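Student:
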Amino acid sequence: MNSTIGNRRRSNAGLLVGAMILTLSFPLGSSALAQDTDVVGRVNGQDITADDLALAEQMYGPQLAQMPPDARRSILVDALIDMKIVSAAARAANVTGQDAYKRQLAFLEDQTLRTLFLEQQVEEAVTDSVVRATYDEQAARIPPVTERRLRHILLGSEGDAVEVIEALKGGKAFVELAQERSADEVSRVKGGDLGFVAEGQVLPEIDAAAATLQPGEYTQTPVASAFGFHVVLLEETRNRPAPSFESVAPQIRQALKAAEERRIIAELKEGAKIEKLVPDVAPPQGEDGHEH
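Residues -34 to -1, 1 to 258 in mature numbering (1 follows the signal peptide of the UniProt record, and there is no 0) are what the sequence shown lists, from first letter to last.
1) Specify the secondary structure class of G63 as computed by DSSP and reduced to three states.
2) Quick check: the Cα distance between P207 and L222, rounded to an integer number of angstroms?
3) Which residue comes first and which comes last in the beta strand (DSSP E) that contains I119?
4) Can the beta-carbon of H196 be found less than 7 Å from the beta-carbon of L120?
5) Does the beta-carbon distance from R38 to L30 come in below 7 Å?
6) Who are the Cβ neighbours of V130 in its own chain at under 7 Å, not counting the five residues just before and after it?
7) With C-beta atoms as the reference, is N205 less than 7 Å away from P110?
8) Is the stretch 169 to 184 touching the stretch 80 to 94 in the sense that three or more CB pairs, one from each, lie closer than 8 Å?
9) Would you mind reading off the limits of the beta strand (DSSP E) that contains L199?
10) Which of the three DSSP states is assigned to I93 in this structure?
11) Counting pairs of Cβ atoms below 8 Å between the stretch 39 to 54 and the stretch 6 to 17, do you hit three or more?
12) Quick check on residue 323: buried or exposed, where buried means 16 or more other Cβ atoms within 10 Å of its Cβ?
Listed below in structure tokens is the structure:
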């Protein structure tokens, strides 16, 4: 291996090892633990397994996201090798007997227990059926919104609009006329189609004209607006459908999990004797107006 490349890889691994103590203080989900126990490295006879690599991937994946998978894997194994070597040296130096080590280890143990306990309790409570039931309940509470499927033809003058209306009365297809005559470049290629729109989503003049039509009818007189003169067709009306379950299930699940976690913590606090010996101070608001 080129020495420069090798040094760079070793430097990257060293940076990861240097950050490992800090990163361990962040919660890790049990999903990070792989079932595969294949050995990916060995230090003084001690195996480094795929389980170890999966845990390192969980920690450092975002930092190495831009790297090819094989390079990311290699750097992570380097980091684990360095960690084994340094931790062995620390044990030999009796770091494990120091108060600083014991305090940090106790903190990390509490952090890990908190993470795993909440994760397991939340997963048990927020099942697929609960997510589905929540979706059904929320979808049923969405107030109905009437939408109209509209087409229009935009003309530059009232006379041109009258000509189009006469052509429609003579049996010419609305879509064909829109493609031939409409000045609306966006909708013209779609035969004047504006899609399903609720009240307030299109020009008020078009809204008002469409409200007088039945499905299949078009305006019998030109509809004037600041953009010109319109001929409007109402194709159909419907109540706006709720978003599909598949599109919102991840957000519902996340919200339920967050609420369940807060509920569990609040319940545990009720049964605990708590003494906060520093003043309560609200965090500063961010630029978006929310507390962070």
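Glycine included, every Cβ here is placed at the ideal spot set by N, Cα and C.
Fair warning: this is a prediction, and the values are worked out from it, not measured in the lab.
Tutor: Working from what's here:
1) As a first step, residue 63 is located in the sequence shown; it is residue number 97 there, counting from the start. In this structure, G63 counts as helix in the three-state DSSP scheme.
2) Residue mapping note: residue 207 aligns to position 241 of the sequence shown, counting from 1. Residue mapping note: residue 222 aligns to position 256 of the sequence shown, counting from 1. Approximately 23 Å, taken between the alpha carbons.
3) Here residue 119 refers to the residue found at position 153 when the sequence shown is read from its first residue. Its beta strand (DSSP E) spans residues 112 to 121.
4) Residue numbering aside, residue 196 sits at position 230 when the sequence shown is read from its first letter. Residue numbering aside, residue 120 sits at position 154 when the sequence shown is read from its first letter. Going by C-beta atoms, H196 is nearer than 7 Å to L120.
5) As a first step, residue 38 must be located in the sequence shown, where it is residue number 72. As a first step, residue 30 must be located in the sequence shown, where it is residue number 64. A contact, by the Cβ cut-off of 7 Å.
6) Here residue 130 refers to the residue found at position 164 of the sequence shown. Result list for V130: I119, L121, L143, R147, V197, in chain order.
7) Locating residue 205 in the sequence shown gives position 239, counting from the first residue. Locating residue 110 in the sequence shown gives position 144, counting from the first residue. For N205 and P110, yes; Cβs fall inside 7 Å.
8) Taking 8 Å as the limit for Cβ pairs, the verdict is that the stretch 169 to 184 does not touch the stretch 80 to 94.
9) Indexing the sequence shown from 1 puts residue 199 at position 233. That run of the beta strand (DSSP E) goes 194 to 205.
10) For this step, residue 93 is matched to residue 127 along the sequence shown. For the record, residue 93 in the displayed sequence is Thr; it is not Ile. Coil at T93, not helix or strand.
11) yes
12) With the chain covering only -34 through 258, there is no way to say anything about residue 323.
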